[in-house]
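Residue numbers (our numbering): 50 to 173.
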């Protein structure tokens with residue numbers, strides 16, 4: 050019982066420290082938003098090109114490090130949107146799969162069309 054209480058107390062104390070340190074962090078750059086999959090792919094393409102250019106330098110200056118830091122926020126936003134959209138595509142594809150198992154033509158057709166439309170940006 051004492052061990053459980055000690056672990057619980059340690060967890061609470063450490064989470065308090067994390068909250069305190071998060072509150073003390075300065076405000077950060079938000080990066081460009083990626084509201085659609087198309088926008089996310091655009092931001093990834095452009096951001097990756099910029100990152101590759103910055104990383105190709107023999108030595109990265111402090112200013113360039115700042116540029117990289119800000120760029121990572123845009124790239125993270127884009128990857129998050131891609132992840133969300135791919136998760137939604139997986140749900141549609143699973144519906145196609147399940148419909149094919151039960152020979153449900155309507156389920157396959159409707160979800161299949163939605164899946165193909167959603168995933169088309171990834172295959173261009």
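Don't be surprised by glycine CBs; every beta carbon is placed ideally from N, CA and C.
Proximal residues to residue i (C-beta, below 7 Å), its chain only, five neighbours per side dropped
i           : result
residue 144 : 156 and 160
residue 127 : 83, 89, 92, 93 and 96
Contact check, residue i vs residue j, beta carbons under 7 Å
i           : j           : result
residue 119 : residue 168 : no
residue 113 : residue 124 : no
residue 162 : residue 86  : no
C-alpha gap between residue i and residue j, whole angstroms
i           : j           : result
residue 147 : residue 171 : 23 Å
residue 105 : residue 98  : 11 Å
residue 121 : residue 130 : 14 Å
residue 165 : residue 151 : 20 Å
residue 142 : residue 107 : 45 Å
residue 154 : residue 111 : 59 Å
Cβ neighbours of residue i in the same chain (closer than 8 Å, five flanking residues each side left out)
i           : result
residue 109 : 103 and 117
residue 149 : 157
Identity of the residue in the options nearest residue i by Cα
i           : options         : result
residue 115 : 163, 162 and 78 : 78
Close Cβ partners of residue i (< 6 Å) along its chain, the five nearest in sequence each way excluded
i           : result
residue 101 : none
residue 80  : 122, 123 and 126
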